[in-house]
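**Q** Submitted below is the structure of interest, expressed as structure tokens.
Numbering (our numbering), first residue to last: 19 to 347.
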């Protein structure tokens, strides 16, 4: 048995629940919202409550489990979780595919999802990110837009679906299929190191990660549009993402002492969030709101944000639980 949320980084289960985290396998298994069955939570007044249970479904009362998941510590402190576990798949296949353009890569993602393939993970990196990976990991990978793909299931399903994916990826200039478990582990280790690789492009420089998520149908347009914006600035912004669920990240590398770079980084981030919300997406797919994204919530949620604030006041009238996060009271 295993727990499938794989962040591509490191975290605690409680923190993952509090931020409604997801990761590389969300396309197959869902996010923390889908995988937590119940919680033990310490409320602001000290009362300890248990939410949910081990049953696969319940129509009993308000869904306090989902209320707490993603609340970022503003409603209570999560001390215990009951999570869903899954059987280890019988077979898996991994491949890395390189493309001439990022549009070709994202269109391939859309087609693969529409075909209902047994995708366990499908991840994207742009050319700059692949350059960063080569420099950081001492590899010699093609420096082009790249997809990491993993199929899991029965041997026959995995074989057939990988063949279908290879046929769909007709615009790929190279497809490297892992032949052994060691090859697959090496390929995914490269993906796990992507954040460290991107930050190493400018050592000592600040790097802020964006976190928009858009409907899959809007993914190619969103990525293409923001890369046009980046091209008008001096900012390096490598891209990597869990594109199977429409979520991708730019790591905006800028010198906080350089006012022009700070302004350009803010401009890119604001433009990206605006695009995502207009496309029916969100300012944060998995990292949470915290302090940095509070300004975007009125545009995304409208009057519903006021309802959230009333829930916060009702549960935590003294505002002692992580005050100032998500919204100001």
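Cβ coordinates follow ideal geometry from the N, Cα and C atoms, glycine included.
1) Should the stretch 149 to 165 be regarded as contacting the stretch 201 to 221, the criterion being three or more beta carbon pairs within less than 8 Å?
2) Can you name the start and end residues of the beta strand (DSSP E) that residue 59 belongs to?
3) Taking the CB atoms as reference points, tell me whether residue 166 and residue 193 lie closer together than 9 Å.
4) Does DSSP put residue 139 in a helix, in a strand, or in coil?
5) Closest to residue 295 by C-alpha separation, out of 85, 231 and 132, would be which residue?
6) Does the stretch 85 to 96 come close enough to the stretch 157 to 177 to have 3 or more Cβ pairs within less than 8 Å?
7) How would you call residue 269, buried or exposed, if buried means at least 16 neighbouring beta carbons within 10 angstroms?
8) By Cβ distance, which residues of its chain are closer than 6 Å to residue 70, with the 5 residues on each side in sequence left out?
9) Are three or more beta carbon pairs between the stretch 31 to 42 and the stretch 112 to 120 nearer than 8 Å?
10) Can you list, in chain order, the residues of its chain whose CB lies under 6 Å from that of residue 334, leaving out five sequence neighbours each side?
11) At which residue ranges does the stretch 65 to 117 contain complete beta strand (DSSP E) runs of 3 or more residues, listed in the order of the chain?
12) Mind the definition here: the stretch 64 to 78 touches the stretch 313 to 323 only if three or more C-beta pairs lie below 8 Å; say whether that holds.
13) Can you find a CB in chain B that lies within less than 9 Å of the CB of residue 221?
14) Within this structure, are the beta carbons of residue 182 and residue 133 separated by less than 9 Å?
15) Have a look at residue 252 and residue 303 and give me their C-alpha separation to the nearest angstrom.
16) Closest to residue 109 by CA distance: which of 25, 102, 196 and 75 is it?
17) How would you call residue 45, buried or exposed, if buried means at least 16 neighbouring beta carbons within 10 angstroms?
18) According to DSSP, residue 190 sits in a beta bridge with which residue or residues?
19) Pairs of beta-carbons, one from the stretch 88 to 102 and one from the stretch 218 to 230, closer than 8 Å: are there three or more?
20) By the 10 Å Cβ neighbour count, where 16 or more other Cβ atoms means buried, how is residue 28 classified, buried or exposed?
21) One question on the structure: do residue 347 and residue 337 come within less than 9 Å of each other, judged by their Cβ atoms?
22) Tell me whether residue 222 is buried or exposed, calling it buried when 16 or more other Cβ atoms sit within 10 Å of its Cβ.
23) At the level of alpha carbons, what is the spacing between residue 238 and residue 244?
24) Hey, residue 123 and residue 142 are a contact pair by Cβ (cut 8 Å); roughly how many whole angstroms apart?
25) Over what stretch of residues does the alpha helix (DSSP H) that includes residue 154 continue unbroken?
26) If contact is defined by three or more beta carbon pairs under 8 Å, each pair taking one atom from either stretch, is the stretch 269 to 279 in contact with the stretch 253 to 261?
27) When we look at the beta-carbon of residue 79 and count the other beta-carbons within 10 Å, is it buried (16 or more) or exposed?
28) According to DSSP, simplified to helix, strand and coil, what is residue 219?
**A** In short, the structure shows the following:
1) yes
2) The residue labelled residue 59 in the question sits at position 41 within the chain shown. Note, residue 59: beta strand (DSSP E), 54 to 60.
3) As a first step, residue 166 is located in the chain shown; it is residue number 148 there, counting from the start. As a first step, residue 193 is located in the chain shown; it is residue number 175 there, counting from the start. Not a contact, by the Cβ cut-off of 9 Å.
4) Position 121 of the chain shown, counting from 1, holds the residue named residue 139. Residue 139: strand per DSSP, three-state reduction.
5) Within the chain shown, numbered from 1, the residue matching residue 295 stands at position 277. Here the closest residue by C-alpha is 231.
6) no
7) Residue mapping note: residue 269 aligns to position 251 of the chain shown, counting from 1. So residue 269 counts as buried.
8) Counting from one through the chain shown, the residue named residue 70 turns up at place 52. Taken in chain order, the residues that qualify are 55, 56 and 83.
9) no
10) In the chain shown, the residue the question calls residue 334 occupies position 316. So the qualifying residues of the chain are 62.
11) 66 to 70, 95 to 101 and 109 to 117
12) no
13) In summary, chain B is missing from the structure at hand, where a single protein chain is found.
14) The sequence position of residue 182 within the chain shown is 164, counting from 1. The sequence position of residue 133 within the chain shown is 115, counting from 1. Closer than 9 Å, so yes.
15) As a working mapping, residue 252 is identified with position 234 in the chain shown. As a working mapping, residue 303 is identified with position 285 in the chain shown. C-alpha separation (whole angstroms): 26 Å.
16) On the chain shown, residue 109 is found 91 positions in, with the first residue counted as 1. Answer by Cα proximity: 196.
17) Looking up residue 45 in the chain shown gives position 27. Answer is buried; the Cβ neighbour count reaches 16.
18) Start at 1 with the first residue of the chain shown, and residue 190 comes out as number 172. Residue 190 pairs with 117.
19) no
20) Stepping through the chain shown from its first residue, residue 28 is reached at position 10. With fewer than 16 other Cβ atoms within 10 Å, it is exposed.
21) Locating residue 347 in the chain shown gives position 329, counting from the first residue. Locating residue 337 in the chain shown gives position 319, counting from the first residue. Closer than 9 Å, so yes.
22) The count along the chain shown starts at 1 and reaches residue 222 at position 204. Result: exposed.
23) Translated into positions along the chain shown, residue 238 becomes position 220. Translated into positions along the chain shown, residue 244 becomes position 226. The alpha-carbon atoms of residue 238 and residue 244 are separated by roughly 10 Å.
24) For this step, residue 123 is matched to residue 105 along the chain shown. For this step, residue 142 is matched to residue 124 along the chain shown. That pair is a contact at about 6 Å.
25) Reading the chain shown from its first residue, position 136 is the one you call residue 154. 145 to 155 is the extent of the alpha helix (DSSP H) around residue 154.
26) yes
27) Numbered from its first residue, the chain shown carries residue 79 at position 61. Answer is exposed; the Cβ neighbour count stays below 16.
28) The count along the chain shown starts at 1 and reaches residue 219 at position 201. Reduced to three states, the DSSP call for residue 219 is coil.
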